[in-house]
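Engineer:
Numbering (the working numbering), first residue to last: 4 to 146.
1) Give the single residue among 119, 113, 58, 31 whose Cα lies nearest to the Cα of residue 76.
2) How about residue 34 and residue 54: do their beta carbons lie closer than 8 angstroms?
3) Per DSSP, which residues does residue 61 bridge with? Please list them.
4) Are there three or more Cβ pairs, one per stretch, closer than 8 angstroms when the stretch 94 to 109 is compared with the stretch 129 to 141?
5) Use the C-beta contact count for residue 4: other C-beta atoms within 10 angstroms, 16 or more gives buried, fewer gives exposed.
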């Protein structure tokens, strides 16, 4: 899919991955090894990781997962095929649904490093499909 012109004008590459890491908050690759060093991540950073969806895939360093607050769509699935398959056993991923429902706390401090791993669920696919159909119907009605 081509990048829209307005967005393309805003894209920048730094001389090093470490400089790029300062401004990135989303990883969505098919990587099988960490994309950056844990030490490059500043306090208060949130990372949304979406690339790990099979055993062996990995975007984030295990050292980062050891001290970050971990959130995901489905903890068991994230441990099996998502980014958190590389997290230490002591790290406990929290389901985002539990945070949204008030059953478990979300980030506690402004300097918490948080990671959300989305390995994907069928429900997410259905909600997206419904939103796309509604947008399409609205566009047809406007014509």
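For each residue, glycine too, the CB sits at the ideal point set by N, CA and C.
Structural biologist: Once the coordinates are examined:
1) Closest option to residue 76, Cα to Cα, is 119.
2) yes
3) In the DSSP assignment, residue 61 forms a beta bridge with 35.
4) no
5) Unreliable positioning characterises residue 4 in this predicted model, as indicated by a pLDDT of 48, which lies under 50. A coordinate reading is not provided.
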